[in-house]
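The block underneath contains the structure these notes are about, expressed in structure tokens.
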Amino acid sequence: ALSHRYLASLHGINEEPRCPAPFNFDFEQGTFTEEHIKELIWRESLNFNPDMME
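Each residue of the sequence shown is one higher than the last, beginning at 1 in UniProt numbering.
Given below as structure tokens:
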């Protein structure tokens, strides 16, 4: 996307940040059941809609 001419002024190959080590996302590889995922989504929705608890 940054190579598109519309965004070309925002992209400088010499200004790209460097990552000293690869990212590790192993913590996101948990095994969840369908019920557990539903529960997590429900809890997350309560953060935005606390009235749903009633």
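Heads up, the beta-carbon is just placed ideally off N, CA and C, and yes, glycines get one too.
Does residue i come out as helix, strand or coil in the three-state DSSP assignment?
i, result
"Phe25", "coil"
"Pro17", "coil"
"Glu54", "coil"
Go through its chain and collect everything with a Cβ distance to residue i's Cβ below 8 Å, but skip five positions before and after it.
i, result
"Leu40", "Phe32"
If you follow the alpha helix (DSSP H) that residue i is in, where does it begin and where does it stop?
i, result
"Arg5", "Here Arg5 belongs to no alpha helix (DSSP H), and DSSP marks it neither H nor E."
"Ser45", "Glu34 to Phe48"
For residue i, collect the residues of the same chain with a Cβ closer than 7 Å to its Cβ; drop the 5 residues on either side in sequence, then sort them by chain order.
i, result
"Leu46", "Met52 and Met53"
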